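Enquirer: Okay, here's the structure, questions in a sec.
Protein chains: 2
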Amino acid sequence: MKGYAIVGQRMPRTDSVAKVTGVAKYTADISLPGMLYGKILRSPYAHARIVSIDTARAERLPGVRAVVTGRDIAPVKFGVFKKTRDQYLLAIDRVRYMGEEVAGVAAIDEDIAEEALSLIKVEYEELPIVLDPLAAMEDGAPQLHAHVEHNIGAQGVINFGDVDEAFRQSNRIYEDRFVTSKMNHAQMEPYAALAAYDSSGKLDIWVPNQSPFTRRKGLSNALKMPLNRIRVHHVHIGGAFGGRSDALPAEFIAALLSIKTSRPVRIVYSREEDMIATRHKHAAIVELKMGVKLDGTIMGKDIRVILDGGAYMSSGLIATFDLSTKAEAVYRVPNIRYEGSRIYTNKTPCSMQRIHGNQLVLAEEMTLDRIAEELGLDPVEMRLRHACQAGDVLPSGSKITSFALSETIDKAVAASEWRRKKGKLPSGRGIGLACCTGFAGFNMGFRLNSAALVKFNEDGSCTLFTGNVDNGQGNESMLVQIASEAMGIPVKDIALVCADSELTPQDPGNYPMLAAFCSGNAVRLAGLDAKEQIVKIAAETMGVSASELEVKDSRVFVKRETQKAMRVADIVKLAFQSGNTILGRGAYTPKAQSEYGWADWSSGRVQGQQGATYTAGTTVAEVEVDRETGVVKVLNVTQAYDCGYALNPMAVEGQYEGVAVQMMGETLYEKLNWDDKDGRLTTDSFLDYRIPTCLDIPKIRPIIVESIDPDGPFGAKEAGLTGGGGVEAAIVNAIYDAVGVRIKDMPVTPEKILVALDEKER
Amino acid sequence: MKGYAIVGQRMPRTDSVAKVTGVAKYTADISLPGMLYGKILRSPYAHARIVSIDTARAERLPGVRAVVTGRDIAPVKFGVFKKTRDQYLLAIDRVRYMGEEVAGVAAIDEDIAEEALSLIKVEYEELPIVLDPLAAMEDGAPQLHAHVEHNIGAQGVINFGDVDEAFRQSNRIYEDRFVTSKMNHAQMEPYAALAAYDSSGKLDIWVPNQSPFTRRKGLSNALKMPLNRIRVHHVHIGGAFGGRSDALPAEFIAALLSIKTSRPVRIVYSREEDMIATRHKHAAIVELKMGVKLDGTIMGKDIRVILDGGAYMSSGLIATFDLSTKAEAVYRVPNIRYEGSRIYTNKTPCSMQRIHGNQLVLAEEMTLDRIAEELGLDPVEMRLRHACQAGDVLPSGSKITSFALSETIDKAVAASEWRRKKGKLPSGRGIGLACCTGFAGFNMGFRLNSAALVKFNEDGSCTLFTGNVDNGQGNESMLVQIASEAMGIPVKDIALVCADSELTPQDPGNYPMLAAFCSGNAVRLAGLDAKEQIVKIAAETMGVSASELEVKDSRVFVKRETQKAMRVADIVKLAFQSGNTILGRGAYTPKAQSEYGWADWSSGRVQGQQGATYTAGTTVAEVEVDRETGVVKVLNVTQAYDCGYALNPMAVEGQYEGVAVQMMGETLYEKLNWDDKDGRLTTDSFLDYRIPTCLDIPKIRPIIVESIDPDGPFGAKEAGLTGGGGVEAAIVNAIYDAVGVRIKDMPVTPEKILVALDEKER
């Protein structure tokens, strides 16, 4: 994009020095005077009734300052939505997964706290467990929650067009079943929470999070405190990936212990706790039925998704619905039936994980490849023919404002030399392609839009205030860069205060794809507001009209006579002297319906703008499969993703690369396993739960495709989420190209390859 | 004042629980991880050349992390004004008072730091000293600074009218000389500074201060850092009284040590250090000549003030000028000549102390009493006849917008039963009266006005951001109360973020009488701005015009139909949903000329509005003097002071009481003494430097007089400063009434009484 001085530039991150030098403090690094150490007693059973809890011996242990159980506190449930609150802050009479929080202890050191846990006597009465979501839906299965039947926590059907008629008009019907795994977010920073309540009635909390404001709301609801007496502090965060979007009991427990003791209480999870007691990614069973004409025209699709949700709802309602938005927005398919169900099982509760929805992408993109092959069509052409375009109105009524799916296909195909390679690589090597979509500018319905503020100092430097949070992806830098462009003030002159619920204007945080699109817009508007105030004073002082002026490098100048100029610093001084101030305000709410539109989608109809803008991407992966060992090696990944506008190409590419690695882990390695007998998580360490290491990372070729969204800040939408949804399908399609087997059960372990090759032989 | 719901109410302070429970953290309470302990090596000579400094041994001491001297750093001078910067951050080649900072050490504990000081070898070459300001002005006196002659750091003459002609027209000329002492501010919290510089280039600092923004500016100037990379944090402050208005070398030293080590460094003063190395109050010699007609009409006055400034300028320029404003604003006297000089001496530098200017008040009010007595006039009538009135234009051109001096005289006289008691009390008992004035809304010329911000949350609660600071007088509560009244939101629903240079809009802080008048106005305007935003949305939603609506108790209602209402919380949610936010902005600059008007007053003419508004007060004191011991006991003090409007009568009365006690200390007890031979401060502890204790406190009768200033927030001006300037003169006048001696040399020790009684006898 021409005409921008700051955005569009490759810029090192503003927090890089702090992170490299160790100055950046993560929650576990923070110590407060008089701080106590908190530990949590967890259920040893996957399903049980709590008969009694006796904390007397623990409380008597010298050094123990407080013990808290579900029976000591108000029976408050928390959850992402008011109507999905199903989890007590601490278990009261029942535990539903092994590892559930039963009691919290605060002591003067960690060893004493640990010992105190062993002194708490809990009498349990074991209950039958159910781990498999299909089994959980059957009659007679153990029921986890009284308020739902058949353990179906959320369920809904959406009908666009007439899928039955579409199937009647189809020449062929393709039907398949795909399975993905329950996964851990595996952030490098284990979860931690530090709470400090003081007797003036103020609660300060530090916790790795994706949204200080929704975290604050959760604490406010649970603890019955006004929002302005709770401060969720800025902390550096070692990864989120969706797993730090909703509250965990541990932060309530830290707060309750701090309230009880009037001392700060810090809880730091071990890796094992982090594996078992933070949110997981939903495992999914996707049944996809697709009807096509012989020329490849897709007439309709019928999607049935069953999500394994674990013991509590968390963000399961969003997770169940979200796949439907992917169903309608990649290809022009007028007739769609989508049924989503989220099932309670006696496992760790699930929330969103980057990239939720890839479960459906896997099914669709594998099926498209199969159709193309069986009908003798070009899989690229078939995708291009159906690809949604800017200006389309989707079946839900959502309008697509900008969309470069076709261009991403073209560019990924060209850069990967797809046409030269597809079907023509040496034996054991293959190439696969897949597309994905999603949206930015989701209206989470938390009644939280993005607002931002810029405050100027008399030396012309300023501070930007935004509630958005940086989980490691570079949002802090991005927002500074946007402010810089909007104001004409160099990046170095902009300090940042962010991700603090007390100090910054409200912001929904890093919920789906909001940082660039929503927070970015708010920051841009705040910057423009400040600039307008500056220009107004300059115009009055210089005796010209505001429209004749421009600001660049902290200098306001007459556009046609650039040497006629004033320093921003001098303008700020003038403002102060004349009873004014330079404080820029901005606020932005995406043009999409709020939760109230879609949260009732169980009615069968979804109408209205689902996301404010849609993005898309195409991945091409090349693999080598060892037929002897079944080991898959990803040789390279080409990613052409539409980010709207690359505010910082370096950061955008970093996001593209990150998602390739993360999705490769999901495709080839990652799976949480449970002991069927007792519901124990058997993969509770990085020894057992394997994530990609630097040795596994293939050559990655990120290609930035810009569609310049009319509503995005400088045209930007999001980077590193939506597009990456196709990495998994691309790898699996490449495996088929390499050795001719379609693995539909993730992850693609060597064993599965060998079994499939064996079956194919026979 | 009628019609206000919140202001005007007696309200306990919002910070009272935190202070009572010990939650409130003062600078010395704050520990940061990895923090080092800083200590300062001080000059053992009152005047010397530094020949050499050898820090090698200190640096080698295990546990020492850094040593810094003036020779290691850029030769930067600091000071309150650019043109008065005369003090190096650390002495380089010369020390000018005993206790001056020569080196700083940071070590892992205090003992090691202390030991390291003893290992620093400094070679000094002693220079002759001068302690007396009159001696310092003489030819041949030791010269402290090369840039001034006769040690006259600041000097200026103001001529209003023609004082010589006035004296010619007078029947009598009264001339006298009055002396006040150098004093310590004696804050209960000793000075401390904590600096934390990190490698990202950010400096965080905690220091008891009266103005985070001017402190930040000082650090920015000295360390050559942009304003937005320095954060002066909010801390609780154990008293200021003017002594924490300008920077001290210790905070620069803490910052330099932190920069050198990249670790936090905390310096905490001992009481002895606090006595010798924080700013002192100027001692003054006031020569007053007053010409009157036989009927008591004051024709003119000639004032010559010599201030003992100590070794450096600090806020001496303001101190020198400030007395002139008191000279013109109490009584209508058209012909005034004022000459002020501030003299460098080899003593601790002096700054402002509550109540600077009382030195002149003492002279004038004692002289008035003498005139009245000698001409047989009623001292009350004489004052009433000359009292300035609202609407007056002073000789400087300053307009008085509101002024209740006459009313304070009437009320103080009535409440104290002056007429019944004056001259009629039993032997040894006496009653005295004095008036004082001053202004609020001084434009400090730091290019800093007051701005404020209010941020609303979706539950209707909000947070007020103000840069003003609470030094113990209750400013935090006052500003919340103002915001509450302006918005119609209860005090309990308003949280406060204040006195933090990074987080809040700019504010000049607690410089002369700015908290209520300037910050209060900014807060009021921010509140009104937020209310306007709220009302606008309510009007649109309810289909009425904004003018029909009012806000009270977080409810917006139709004035004529009060049950037709919306909750503020719901309006905030509507705002968020519609891409808006409720962020109220306010800014205020007092209508007074800035430093640039008066800083050049040495020209002899001062023209323009000196303070935005003027306040006044009358004190009546009753004393008992023991003729045998000379001990003076203050029996009671009646204070009728004009505060404009009492925003919180409880806090206003607290201020009146506080100033009575502080001024009583100045009148009867407090004086810093120096050893003439070597320039050593001999009164460096509370054993030697006596301040009033609770046993000394008389019965105090505070009387609030309200003049409702047109520009003050709800009519408020200031409380506890201006009015109290007469306490000293009232006590001294009462002593004369009691035993017939006029003591003109403060403090009035028993020895002086006895000597005077003895002289009178003879």
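So the protein sequences, as listed, match chains A and B.
Each step along the first sequence adds one to the number in my numbering, with nothing skipped, and position 46 is 46.
Each step along the second sequence adds one to the number in my numbering, with nothing skipped, and position 334 is 334.
Every residue gets a Cβ at the ideal spot worked out from N, C-alpha and C, and that includes glycine.
Keep in mind the model is a prediction, meaning the values are calculated, not measured.
1) Is there a Cβ of chain B sitting closer than 8 angstroms to that of A616 of chain A, yes or no?
2) Am I right that L323 of chain A and L362 of chain A are in contact with their C-beta atoms under 8 angstroms? What's the rounded C-beta distance?
3) Using 8 angstroms for Cβ pairs, my map puts V732 of chain B next to M366 of chain B. What's the rounded Cβ distance?
4) Pick from A:S461, A:M513, A:L368 and A:L405: whose alpha carbon is nearest that of E175 of chain A?
5) Taking just the CA atoms, how far does T722 of chain B sit from P747 of chain B?
6) Comparing the C-beta of Q577 of chain A with each C-beta of chain B, is any distance below 8 angstroms?
7) Do you know offhand how far S484 of chain B's Cα is from Y588 of chain B's?
8) Near A412 of chain A, which residues of its chain fall below 6 angstroms by C-beta distance, leaving aside the five closest residues on each side in sequence?
9) Output the boundary residues of the beta strand (DSSP E) element that contains I703 of chain A.
10) Compare the C-alpha of D86 of chain A against each of A:S315, A:D198, A:R49 and A:T21 and name the closest.
11) Please classify I6 of chain B as buried or exposed, where buried requires at least 16 other C-beta atoms within 10 Å of its C-beta.
12) Taking the beta strand (DSSP E) that W206 of chain A falls in, what are its first and last residues?
13) In angstroms with no decimal places, state the Cα-to-Cα distance between V741 of chain B and V755 of chain B.
14) Please state the DSSP three-state secondary structure of S450 of chain B.
15) Taking Cβ-Cβ distances below 8 angstroms as the criterion, which residues of the region 489-509 of chain B are in contact with chain A?
16) Should G397 of chain B be labelled buried (16 or more other beta-carbon atoms within 10 Å of its own) or exposed?
17) Using beta-carbon positions only, say whether L257 of chain B and G104 of chain B come within less than 8 angstroms of one another.
18) Using a C-beta cutoff of 8 angstroms, does Y588 of chain B count as contacting chain A?
19) Note down, in chain order, every chain B residue with its Cβ under 7 angstroms from the Cβ of R229 of chain A.
20) Is the separation between the beta-carbon of L32 of chain B and that of R65 of chain B shorter than 8 angstroms?
21) Under 8 angstroms: do the region 505-513 of chain B and the region 245-265 of chain A share three or more Cβ pairs, one atom per stretch?
22) Hey, how far is the Cα of Y331 of chain B from the Cα of G156 of chain B?
23) Against chain A, with Cβ distances strictly below 8 angstroms, would P33 of chain B count as a contact?
24) Report yes or no: is there a C-beta of chain A within less than 8 angstroms of the C-beta of G597 of chain B?
25) Could you confirm whether any beta carbon from chain B is found closer than 8 angstroms to the beta carbon of A18 of chain A?
26) With a CB to CB cut of under 8 angstroms and the five nearest residues on each side skipped, what residues in its chain are close to A783 of chain B?
27) Taking CB distances under 8 angstroms as the criterion, tell me whether R585 of chain B reaches chain D.
28) Going by DSSP, what residues sit across from R429 of chain A in a beta bridge?
29) Between D308 of chain B and T345 of chain B, which are expected to be in contact by the criterion C-beta below 8 angstroms, what is the C-beta distance as a whole number of angstroms?
30) For A141 of chain B and A135 of chain B, what's the separation of their Cα atoms in angstroms?
31) Just the Cα atoms here: how many angstroms apart are T320 of chain A and I285 of chain A?
32) In whole angstroms, what is the alpha-carbon distance linking G520 of chain B and F456 of chain B?
33) Between A:A222, A:A48 and A:L41, which has its C-alpha nearest A58 of chain A's C-alpha?
34) Which residues of the region 452-463 of chain A have a Cβ closer than 7 angstroms to any Cβ of chain B? Give them in chain order.
35) Within 10 angstroms of its Cβ, does C694 of chain B collect 16 or more other Cβ (buried), or is it exposed?
36) Roughly how many whole angstroms lie between the Cα atoms of I30 of chain A and D642 of chain B?
Expert: Put simply:
1) Taking the first residue of the first sequence as 1, we reach residue 616 of chain A at position 616. So no, A616 of chain A is outside the interface.
2) The residue labelled residue 323 of chain A in the question sits at position 323 within the first sequence. The residue labelled residue 362 of chain A in the question sits at position 362 within the first sequence. 11 angstroms between Cβ atoms; not a contact.
3) For the purposes of this step, residue 732 of chain B is taken as residue 732 along the second sequence, with counting starting at 1. For the purposes of this step, residue 366 of chain B is taken as residue 366 along the second sequence, with counting starting at 1. Yes, V732 of chain B and M366 of chain B are in contact; Cβ-Cβ is about 6 angstroms, under 8 angstroms.
4) Along the first sequence, one-based indexing puts residue 175 of chain A at 175. The option with the nearest alpha carbon to E175 of chain A is A:L368.
5) As a working mapping, residue 747 of chain B is identified with position 747 in the second sequence. As a working mapping, residue 722 of chain B is identified with position 722 in the second sequence. Taking the straight line from one Cα to the other gives about 20 angstroms.
6) In the first sequence, residue 577 of chain A corresponds to position 577, counting from 1. Yes, because at least one Cβ of chain B sits closer than 8 angstroms to the Cβ of Q577 of chain A.
7) Position 484 of the second sequence, counted from the start, is the residue given in the question as residue 484 of chain B. Position 588 of the second sequence, counted from the start, is the residue given in the question as residue 588 of chain B. Answer to the nearest angstrom: the Cα atoms are 18 angstroms apart.
8) Translated into the one-based positions of the first sequence, residue 412 of chain A becomes position 412. So the qualifying residues of the chain are T618, V620, T638 and A640.
9) Counting from 1 along the first sequence, the entry for residue 703 of chain A is found at position 703. Residues K699 to V705.
10) For the purposes of this step, residue 86 of chain A is identified with residue 86 of the first sequence, where counting begins at 1. Measuring from the Cα of D86 of chain A, the nearest candidate turns out to be A:S315.
11) Position 6 of the second sequence holds residue 6 of chain B. Buried is the call here.
12) The residue labelled residue 206 of chain A in the question sits at position 206 within the first sequence. Looking at the DSSP string, the run of the beta strand (DSSP E) that includes W206 of chain A is K202 to W206.
13) Position 741 of the second sequence, counted from the start, is the residue given in the question as residue 741 of chain B. Position 755 of the second sequence, counted from the start, is the residue given in the question as residue 755 of chain B. Looking at the two C-alpha atoms, the distance is approximately 10 angstroms.
14) Taking the second sequence and counting its residues from 1, one reaches residue 450 of chain B at position 450. Strand at S450 of chain B.
15) D493, I494, A495, V497, E502, L503, P505 and Q506
16) Indexing the second sequence from 1 puts residue 397 of chain B at position 397. With fewer than 16 Cβ atoms within 10 Å of its Cβ, G397 of chain B is classed as exposed.
17) Reading the second sequence from its first residue, position 257 is the one you call residue 257 of chain B. Reading the second sequence from its first residue, position 104 is the one you call residue 104 of chain B. Cβ distance < 8 angstroms, so L257 of chain B and G104 of chain B count as in contact.
18) The residue you call residue 588 of chain B lines up with position 588 of the second sequence. Chain A, which has a Cβ nearer than 8 angstroms to the Cβ of Y588 of chain B, makes this yes.
19) The residue given as residue 229 of chain A occupies position 229 in the first sequence. Under the 7 angstroms cutoff, chain B gives A495.
20) As a first step, residue 32 of chain B must be located in the second sequence, where it is residue number 32. As a first step, residue 65 of chain B must be located in the second sequence, where it is residue number 65. No, they are not a contact pair.
21) no
22) Locating residue 331 of chain B in the second sequence gives position 331, where the first residue counts as 1. Locating residue 156 of chain B in the second sequence gives position 156, where the first residue counts as 1. Cα to Cα, Y331 of chain B sits roughly 22 angstroms from G156 of chain B.
23) Counted from its first residue, the second sequence places residue 33 of chain B at position 33. Taking Cβ atoms only, chain A reaches closer than 8 angstroms to P33 of chain B, which makes this a yes.
24) Residue 597 of chain B sits at position 597 when you count from the first residue of the second sequence. Because the pLDDT of G597 of chain B is 47, which lies under 50, any placement of that residue in the model is unreliable, and the number read from its coordinates should be weighed accordingly. It does not; no Cβ of chain A falls within 8 angstroms.
25) The residue you call residue 18 of chain A lines up with position 18 of the first sequence. Taking Cβ atoms only, chain B reaches closer than 8 angstroms to A18 of chain A, which makes this a yes.
26) Residue 783 of chain B lies beyond the residue range present for chain B, which begins at 1 and ends at 762; the question has no answer from this structure.
27) The chain inventory of the structure shown lacks chain D, comprising the protein chains A and B.
28) Numbered from its first residue, the first sequence carries residue 429 of chain A at position 429. DSSP, once it has assigned bridges, lists A:E624 as partnering R429 of chain A.
29) In the second sequence, counting from the first residue as 1, residue 308 of chain B sits at position 308. In the second sequence, counting from the first residue as 1, residue 345 of chain B sits at position 345. Yes, D308 of chain B and T345 of chain B are in contact; Cβ-Cβ is about 6 angstroms, under 8 angstroms.
30) Translated into positions along the second sequence, residue 141 of chain B becomes position 141. Translated into positions along the second sequence, residue 135 of chain B becomes position 135. Whole-angstrom Cα-Cα distance: 7 angstroms.
31) The residue you call residue 320 of chain A lines up with position 320 of the first sequence. The residue you call residue 285 of chain A lines up with position 285 of the first sequence. Those two C-alpha atoms are separated by around 12 angstroms.
32) One-based indexing of the second sequence puts residue 520 of chain B at position 520. One-based indexing of the second sequence puts residue 456 of chain B at position 456. Roughly 19 angstroms separates the two Cα atoms.
33) Position 58 of the first sequence holds residue 58 of chain A. Measuring from the Cα of A58 of chain A, the nearest candidate turns out to be A:L41.
34) L453, K455, N457, E458, D459, S461, C462 and T463
35) Counted from its first residue, the second sequence places residue 694 of chain B at position 694. By the 10 Å Cβ count, C694 of chain B comes out exposed.
36) Start at 1 with the first residue of the first sequence, and residue 30 of chain A comes out as number 30. Start at 1 with the first residue of the second sequence, and residue 642 of chain B comes out as number 642. Whole-angstrom Cα-Cα distance: 49 angstroms.
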